[in-house]
Every structure is written in structure tokens, then in C-alpha cells.
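Colleague:
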Amino acid sequence: MSKILIIAEHDGSALNQATARAVTCARQIPGAHVTIAVFAAEPAAVASAAAVLAGVDAVVTVASAANGHALAATLAPQVVALAAGYTHVFAASTSFGKDLLPRVAALLGVPQISDAMAVEGAYKFKRPTYAGNAIVTLEAPADRILVATVRSASFEPAAGGGSASISAADVSAELPTHTRFVSLSAAPKSDRPDLASAAKVVSGGRALASKENFDIVYSLASKMGAAVGASRAAVDAGYASNELQVGQTGKIIAPELYVAVGISGAIQHLTGIKDAKTIVAINKDPEAPIFEVADFGLVADLFVAVPEIEKALS
Amino acid sequence: MRKILVGVKRVVDYNVRVRVKPDGSGVALEGVKMSVNPFDEIALEEALRIKERGEAAEVVAVSIGTDEAQQQLRTALAMGADRAILVKVTEAVDPLVASRVLTEIAKRENADLVILGKQAIDDDAAQTAPMVAALWGRPQATFASKIAINGGTAIVTREVDAGLETIEVDLPAVFSADLRLNEPRYVKLPDIMKAKKKPLDVVEFASLGVTADVGLKTVFVEPPKPRAKGIVVKDVAELVDALKKKGLV
Ligand SMILES: Cc1cc2nc3c(=O)[nH]c(=O)nc-3n(C[C@H](O)[C@H](O)[C@H](O)COP(=O)(O)OP(=O)(O)OC[C@H]3O[C@@H](n4cnc5c(N)ncnc54)[C@H](O)[C@@H]3O)c2cc1C
Ligand SMILES: Nc1ncnc2c1ncn2[C@@H]1O[C@H](COP(=O)(O)O)[C@@H](O)[C@H]1O
């Protein structure tokens, strides 16, 4: 049997949806027994949220003041201590998971499978390389613990309705003092859907040409009930903040609808949106590579077309 | 601080769209333009700036690769690295192996800081920096977008999904460079000439006592599923209509 430990991602109060997606991946392993581990200062709320996910068999909590902020150096030895007896350790392939799991894998002395996108067997997974242009099937040895991060865009979040037991785990690990949390400047809270999990996303590129102009993107997104994203060029130019970047080095997303406004479609950007169900591209250059992946392409000046779309939706 | 170690991986240039070989054994690399991993250029630039501020004495570029990776190390030397080390292998290594090698070099060199890229754009693994930190028993600051050295500690701002996180770490430590850490300098012709005279040591992988096989097997490699061909709409009305029909707006 596969005993899978998933490290919960949370902000101290809410469970990140990416963890529910990792549960779906874990459940695709035949005969999986799925445990979610919640490391927190006060894990109760997050543990309750994890326990109701369908397909979760158990939730274990590790409460400690040291776990008040997610620092990989502090969490990794605790994960290693907890991992004894499990066959797999998973986390979502988010900035949290990418920071933590390789540290865990190295401490365990095993390689890691990053961005697992399809389950081919208990020890066999597909993952993207070369910005998604080459999909590799990897097989890990079955006699060792398998550490993997799960590509969120490839799995739907597990549904609710579960009722896993919650228990406190006793983890004894020596924690380092060499890494200290200072501050988190989070993006201002907004009523907009979260980019990583939104059903619809409107993204703007370099063509927006200024931070003020980028408001057109926000305005269309509001009209559609969509999250806002951006290309790297738009982020670098300061039109949009960095956590909105979509692509190889930003967020990999799979919304129902992705609208690319004034984005050329560089491979690094496309890898972030390839799993979107429907892609719309608005670009004035008919040769722009974004049109190769767009389901609906509109060759037009965005400053004319976008307000028109908004009007048509009113 | 005396010494900063920087990872320099030779990878397919970021502008190249690679093709998977028809037999599924890998990607076709013959005749393809190769470059320094873009994140490693950023890592090196940061190391050079730390040195130029008088906060470090030496910058050493390390690559684990075939003989051809000497080209990328020469680029690193031309950018300003003081010397380079090539750990010679015959085949690409897993990030765990790269981490073991880099940790061994960091120990031998008595490095005070290791700066790597946040990810290599070939394997897209994003594993090596945290692995080196773990094996070396040192702090890590991944996805760094700002680094300030204060004697024996450093304050690093990290790009995380929620925004920007700032942490403080004791040195020695391992950092991984994100895109917005800096903009790498261009290499000038005289620097290329000067770089030819800088030391580049070649170390045989076998001499490091690291096992190359970590058990992970590549079963096969395939191209991604192509997307169905889309259509070009003639105007906004047709676009909105099409989206309405699909229930998307
Ligand atoms: C290591 C590395 C990692 C990277 N990671 C990412 C990543 O994660 N995400 C990412 O997005 N990029 C990434 N990039 C950058 C990527 O290569 C491109 O440079 C970037 O995506 C370009 O952004 P853009 O499409 O907004 O700008 P451009 O390529 O400049 O495209 C602008 C487009 O707007 C169109 N346009 C101009 N004016 C108008 C108008 N009035 N109306 C309509 N259309 C107009 C133009 O025809 C053009 O196609 C990365 C690069 C590197 C080297
Ligand atoms: N073969 C290598 N040679 C030198 N540096 C490497 C090598 N492999 C990985 N690295 C470093 O580790 C970073 C992350 O690589 P990866 O974990 O493979 O995504 C790279 O940007 C390099 O700085």
C-alpha cells in the first residue's frame, strides 16, 4: 500500500487550495492512504479544513511556535522525522513546496520529482521540462521514499464531504536557529478571485505601456469576474506586481478562460497557460506566436478592442 | 566574506524551442544554441555586485558538465568571476547529484556564500539550491529578489506566491536568484580576452566520491499534447458571441 504524506500549505488560518489539488494527485495512486500534515503555531482551523477534503484518510498536526512562519529550514527536519513509515511525501508545487521539499528530499537522501503532472503508477510520474516542451516520464525506485511536488494546474481540487480523523503528532527534531522570519508584504487583499485558482483570468502584457493603462485589464477582469495576470515584461516594467506573473517562472494556471491582452506568447509565458480550457488572444500583430495556441484570436488594437468587449458584456 | 561560489549550468538557450526526438529518448540538442542558464547569469551578477561593494574577496564559478561547459565558464569569467571550476561529467546529472557535487566544492573551497539560479531552464527542477543548503547544513533563501549582506548575516527578500517575504539568515548560506534580483551586465570584448587568462580548473567527477546514480529512471520523453487549432475572429462581436455560446461570459 502507498502511504502518502501531504504537507499542507496555509497562511495560519486557511488551507491553500493547492493542497486539495495535491490530494487529487495522491488519490490517483492505486490503494493510496492519504495523510495531510499541518505544521502551524495553532493548527486547529487548517486541520479542520484538511479533514473535510474527500479522499483524505487522516490529518496530523504539529503545533509549535517555531511553525508560525513557514521556513523551509525549520520545517524540513520535522517533515523528515514525520515521514518515517510513509512511502511518499508530497506538497504542491508552489513557492512553499518548491522551497521546502527539495530540502526534505536531500535530508532523506533521495531525488525529487518536481511538478508531477500525471500519475502513471505509484512510483511513475510525468513531469514537464524545457518550459513544457518535453514531457518526461520518470520512475523512482519503490524501495525508497518518493518525494514529489504536484503541479497544481494538472489536478482539480479534491471535493469536500470527507471526515478524516485529526490527531496531534509528536515530532522530535532539532530545529536550526540560523534562519529567521522578518516580514511578509502580502499583496493587498482584494475581492478578485485568486490568480492561481480562478476560473477566468485576464492578463496584460508589455503592450499596455503604462501602469495607468493596465487599469483596462483590471476593468475587463472586473466585468468578467476574472483574476488579473501579467506577462513578465508587464511585471518588469512595473505595470503589475510580481505575484501576478504567469509563466515558467511565475504561476502555472489552468483556468476555464484565459484572455491574453497585448502579450506576444513567448514560450516562457505559454508554458504557464497551456492547460487553460479556452485561450483568447488580443494582439495587433497577426504573426504573434500567442495565436498558435489561441482558441479565439482577435487581431486588433487592444485600446480599441478591450473597451468594446466591456461594452458588449454590459 | 572571502568567497562566493556561483553555479553556472550550460543549458539550451532560452529562445530555442526544443524538439523531442522521435524515439522518445530525449530532446534533440545537436546544433542547438547553448547558453549560461539565465538565472545563473543573475546569480553571478549578484555575486559580482557583492564583491564590487567590497563585501567579498573572490567569486568562483562552478559548472558540472561536459568539456563544452568550459564555454559557459569562460562567459562567467568574462563577466567578472575570478576563477572557474569544471566538474567533468559525461552525461547530465540529476539535481541531487549536482547538489552533492556543489556541496563538496563549497566545503573544499570554504565558501561563505553559494548563489545558484532558482531553476535551470532545461530540467525546470528548482531543486538544487535547497538541496545544497540541506546537505551543507546551512540556511537557504530561495527566489531571492533582494540581498543585503551585513557582516555575518544577510537579509534576503524572496518572491513568494503571496507577495514578498523577507528573512534573515546567518552566513554561510545558499541563495537562489529570481528574475528580478538584478539585470546581468553585458560582456565586453576586452573582458573576453582577459577571461582567457583566468584560471579554469577541471576536476574529474569520479574524484569527488559522489555516486552518479540516484535511482531515478527516465522511461521516455514525449512532446506535449498539441492544442486544437483555434480560429481568428473578425471582430469583437464575433468574439463575444463565441464566448457566450461556450458559456464563458
Ligand atoms: C529565464 C526566463 C524566464 C522567463 N519567464 C517568464 C514568465 O514566467 N512569464 C512571462 O510572461 N515571461 C517570461 N519570460 C520573458 C519572455 O521571454 C518574454 O520576454 C515576455 O513574456 C514578453 O512579454 P510580453 O508578451 O508582454 O511582451 P512582448 O513580447 O513585447 O509582446 C507585446 C505584444 O503586444 C503586442 N501589441 C503591442 N501594442 C499593441 C496594441 N496596441 N494592441 C494589441 N497588441 C499590441 C505586440 O504585437 C506584441 O506581440 C522569461 C524569460 C526568461 C529569459
Ligand atoms: N550541472 C550544473 N552545473 C552548475 N550549476 C548547476 C548545475 N545543475 C544545477 N545547478 C545550479 O542549480 C540551479 C537550479 O537548478 P535545478 O535545480 O536543476 O533547477 C541552477 O540555476 C544552477 O545554479
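Here the protein sequences line up with chains Y and L, keeping their order.
Everything in the first sequence is counted per numbering that gives the first Met the number 0, starting at 0 for the first residue and increasing by one.
Everything in the second sequence is counted per numbering that gives the first Met the number 0, starting at 0 for the first residue and increasing by one.
Built from N, CA and C at the ideal position, the CB exists for glycine as well.
Give a single yes or no on whether Ser62 of chain L has its beta carbon closer than 7 Å to a heavy atom of ligand 2.
Modeller: Ser62 of chain L: yes, Cβ under 7 Å from ligand 2.
Colleague: Please determine whether the Cβ atom of Leu178 of chain L lies at a distance below 7 Å from any heavy atom of ligand 1.
Modeller: Under cutoff, so the answer is yes.
Colleague: Return the residue from the list Y:Gly159, Y:Ala158, Y:Ala115, Y:Gly131 that minimises the CA-CA distance to Ala139 of chain Y.
Modeller: Ranking Y:Gly159, Y:Ala158, Y:Ala115, Y:Gly131 by Cα distance to Ala139 of chain Y puts Y:Ala115 first.
Colleague: Between Lys97 of chain Y and ligand 2, is there a pair consisting of the residue's CB and a ligand heavy atom that are separated by less than 7 Å?
Modeller: Not so, every heavy atom of ligand 2 lies at least 7 Å from the Cβ.
Colleague: Closer than 7 Å by beta-carbon distance: list the chain Y residues that pair up with Phe142 of chain L, in chain order.
Modeller: Ordered by position in chain Y, the residues that pass the 7 Å Cβ test against Phe142 of chain L are Ser94.
Colleague: Taking a cut of 8 Å between CB atoms, which residues from the stretch 58-90 of chain Y lie near chain L?
Modeller: Answer in chain order: Leu70, Ala71, Ala72, Ala75.
Colleague: Count the other C-beta atoms from every protein chain shown that fall within 10 angstroms of the C-beta of Pro171 of chain L, then say buried if there are 16 or more, exposed otherwise.
Modeller: Buried.
Colleague: Say yes only if the C-beta of Asn282 of chain Y is nearer than 7 Å to one or more non-hydrogen atoms of ligand 1, and no if none qualify.
Modeller: Yes; taking the cut-off as 7 Å, the Cβ of Asn282 of chain Y has a heavy atom of ligand 1 nearer than that.
Colleague: Run through the DSSP bridge pairs and tell me what Ile166 of chain L is partnered with.
Modeller: Y:Phe180, L:Val155.
Colleague: List the residues of chain B whose Cβ lies closer than 7 Å to the Cβ of Val45 of chain Y, in chain order.
Modeller: Absent here is chain B; the protein component of the structure consists of chains Y and L.
Colleague: Quick check on Asp235 of chain Y: does DSSP put it in helix, strand or coil?
Modeller: In the structure shown, Asp235 of chain Y sits in a helix (DSSP, three-state: H, G or I).
Colleague: Given the structure, does Phe142 of chain L come close to ligand 3, in the sense that its CB is under 7 Å from one of the ligand's heavy atoms?
Modeller: Annotation note on ligand 3: not contained in the displayed structure, which lists ligand 1 and ligand 2 as its ligands.
Colleague: Roughly how many whole angstroms lie between the Cα atoms of Glu29 of chain L and Asp121 of chain L?
Modeller: One C-alpha to the other measures close to 15 Å.
Colleague: In the DSSP assignment, the beta strand (DSSP E) including His87 of chain Y goes from what residue to what residue?
Modeller: From DSSP, the beta strand (DSSP E) with His87 of chain Y extends over 87-91.
Colleague: Could you say which of Y:Ala130, Y:Tyr122, Y:Ser151, Y:Tyr129 lies nearest to Leu137 of chain Y if we only look at CA atoms?
Modeller: Selected option, being the one with the closest Cα: Y:Tyr122.
Colleague: Output yes or no for whether 8 Å exceeds the beta carbon distance between Lys276 of chain Y and Glu242 of chain Y.
Modeller: It is not a contact, given that the beta carbons lie outside the stated cut-off.
Colleague: Going by CA-CA distance only, name the one from Y:Ile262, Y:Gly84, Y:Met0, Y:Thr176 that's closest to Leu297 of chain Y.
Modeller: Considering only alpha carbons, the answer is Y:Ile262.
Colleague: In this structure, how does DSSP classify Ser151 of chain Y when only helix, strand and coil are distinguished?
Modeller: DSSP places Ser151 of chain Y in helix when its eight states are reduced to three.
Colleague: Report back the beta-carbon spacing between Asp66 of chain L and Met33 of chain L to the nearest angstrom; my notes put them in contact at under 8 Å.
Modeller: Contact doesn't hold; Cβ gap of about 13 Å is too wide.
Colleague: In angstroms with no decimal places, state the Cα-to-Cα distance between Lys283 of chain Y and Asp190 of chain L.
Modeller: Whole-angstrom Cα-Cα distance: 41 Å.
Colleague: Could you tell me which residues DSSP puts in a beta bridge with Thr34 of chain Y?
Modeller: The partner list for Thr34 of chain Y (beta bridge, DSSP) reads Y:Leu4, Y:Ala57.
Colleague: May I ask you to check if the CB of Ala26 of chain L is nearer than 7 Å to at least one heavy atom of ligand 1?
Modeller: Going by the sequence as given, residue 26 of chain L is Val instead of Ala. Incorrect: Val26 of chain L has no Cβ contact closer than 7 Å to ligand 1.
Colleague: Between Gln247 of chain Y and ligand 1, is the CB less than 7 Å from at least one heavy atom?
Modeller: Checking every heavy atom of ligand 1 against the Cβ of Gln247 of chain Y, one is found closer than 7 Å.
Colleague: Kindly indicate which residue of L:Gly25, L:Val7, L:Gly246, L:Ile41 has the alpha-carbon position closest to the one of Leu178 of chain L.
Modeller: Among L:Gly25, L:Val7, L:Gly246, L:Ile41, the Cα nearest to that of Leu178 of chain L is on L:Ile41.
Colleague: Pairing CB atoms from the stretch 175-183 of chain Y with CB atoms from the stretch 64-76 of chain Y, are three or more of them under 8 Å?
Modeller: The answer is yes - the stretch 64-76 of chain Y touches the stretch 175-183 of chain Y, with three or more Cβ pairs under 8 Å.
Colleague: Where does Glu203 of chain L fall in DSSP's three states?
Modeller: Note: Glu203 of chain L maps to strand in three-state DSSP.
Colleague: Who are Tyr257 of chain Y's beta bridge partners in DSSP?
Modeller: Paired residue(s): Y:Val200, Y:Ile278.
Colleague: Taking Cβ to Cβ, would you say Ile165 of chain Y is nearer than 8 Å to Ala36 of chain Y?
Modeller: Not closer than 8 Å, so no.
Colleague: Report yes or no: is there a C-beta of chain L within less than 8 Å of the C-beta of His177 of chain Y?
Modeller: Yes, contact with chain L.
Colleague: Would you check if the distance between the CB atom of Ala185 of chain Y and the CB atom of Ala161 of chain L is smaller than 8 Å?
Modeller: Result yes, Cβ atoms of Ala185 of chain Y and Ala161 of chain L sit closer than 8 Å.
Colleague: Hey, how far is the Cα of Ile28 of chain Y from the Cα of Leu4 of chain Y?
Modeller: Straight-line Cα distance between these residues: approximately 13 Å.
Colleague: Would you kindly report the start and end of the unbroken beta strand (DSSP E) that includes Gln139 of chain L?
Modeller: First-last of the beta strand (DSSP E) with Gln139 of chain L: 139-149.
Colleague: Return no unless some Cβ of chain Y is closer than 8 Å to the Cβ of Pro183 of chain L.
Modeller: Cβ-Cβ to chain Y under 8 Å: no for Pro183 of chain L.
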